[in-house]
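For the record, in the sequence shown the residue sitting at position 14 is 14 according to full-length UniProt numbering, with numbers rising by one throughout. Read through the structure below, which is laid out as structure tokens, and then see the notes.
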Amino acid sequence: MNPPVVSIVAKSGTGKTTLLEKLIVEMKSRGYRIGAIKHDAHSFSIDHEGKDSWRLTQAGADTMLITSPEKIAMVKRNPNDQEPPLDASIQTYFNDVDIILTEGFKRSAMPKIEVHRRERSPRLLCRGEEHDPTLFAVASDEPLELDVPVYDINDANGLCDLIETRFLS
Numbered sequence: 001m002n003p004p005v006v007s008i009v010a011k012s013g014t015g016k017t018t019l020l021e022k023l024i025v026e027m028k029s030r031g032y033r034i035g036a037i038k039h040d041a042h043s044f045s046i047d048h049e050g051k052d053s054w055r056l057t058q059a060g061a062d063t064m065l066i067t068s069p070e071k072i073a074m075v076k077r078n079p080n081d082q083e084p085p086l087d088a089s090i091q092t093y094f095n096d097v098d099i100i101l102t103e104g105f106k107r108s109a110m111p112k113i114e115v116h117r118r119e120r121s122p123r124l125l126c127r128g129e130e131h132d133p134t135l136f137a138v139a140s141d142e143p144l145e146l147d148v149p150v151y152d153i154n155d156a157n158g159l160c161d162l163i164e165t166r167f168l169s
């Protein structure tokens with residue numbers, strides 16, 4: 001059985017990562033094991049040119065693992081440059097966590113919390129031109145009248161209470 005997944009969505013520069021950091025810290029303080037997935041629509045590299053791991057990947061390794069007593073990192077080439085389905089990545093890499101918090105995946109069918117900042121955009125992604133039924137809360141820097149609960153953008157404790165009630169009880 002897969003752990004529950006909650007996606008934090010917003011327009012770029014709204015504060016998704018900042019909210020995720022706060023949620024992870026709060027959920028860890030409650031004793032949960034947390035998985036995190038960051039969606040990147042562009043190409044990225046965790047290798048640094050000239051380092052051994054980079055050299056091995058450049059040489060053609062399809063999977064390259066770096067291990068240490070503290071952590072493990074993997075670089076795995078996607079066949080045919082196709083991003084695998086999120087469900088497949090979750091089944092493969094996240095069987096040891098209680099919940100997964102993602103950043104991005106705004107077009108997915110996962111339950112979502114949208115981050116809203118008045119100065120960034122007057123309209124929400126999930127309650128703008130389209131009505132996303134997977135939205136279950138908004139973290140905002142201004143009061144909003146919506147069909148889902150609205151939390152202060154800094155209320156990680158309240159949002160974690162909601163996540164716990166909905167997904168971990």
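All residues carry an ideal CB built from backbone N, CA and C; glycine is no exception.
Close CB contacts of Leu23 within its chain, under the 7 angstroms cut and outside five residues either way in sequence, are with Leu101, Ala156, Leu159 and Cys160 (chain order).
Annotation: the continuous beta strand (DSSP E) that includes Met74 extends over Ile72 to Lys76. In this structure the segment 111-118 lies against the segment 5-14, because at least three pairs of beta carbons, one per stretch, are closer than 8 angstroms. If you draw a 10 Å sphere on the C-beta of Met64, you find 16 or more other C-beta atoms in it, and that means buried. At a Cβ-Cβ threshold of 8 angstroms, Leu20 and Glu103 count as neighbours. Under the 8 angstroms Cβ criterion, the segment 50-65 counts as touching the segment 74-83, having at least three qualifying pairs.
A straight-line Cα-Cα distance of about 7 angstroms links Ser140 and Val150. Bounds of the beta strand (DSSP E) holding Gly35 are Ile34 to Lys38. In this structure, the alpha-carbon of Gly128 lies about 20 angstroms from that of Val6. Annotated three-state conformation of Thr63 is strand, per DSSP. Contact between Met27 and Ile99 holds, with the beta-carbon distance rounding to 7 angstroms and staying under 8 angstroms. Excluding sequence positions up to five before and after Phe167, its CB lies within less than 8 angstroms of the CB of Pro4, Val6, Ile99 and Pro111, all in the same chain and listed in chain order. For Lys51, no beta strand (DSSP E) segment is defined, and its DSSP state is neither H nor E. Under the three-state reduction of DSSP, Ile90 is assigned to helix.
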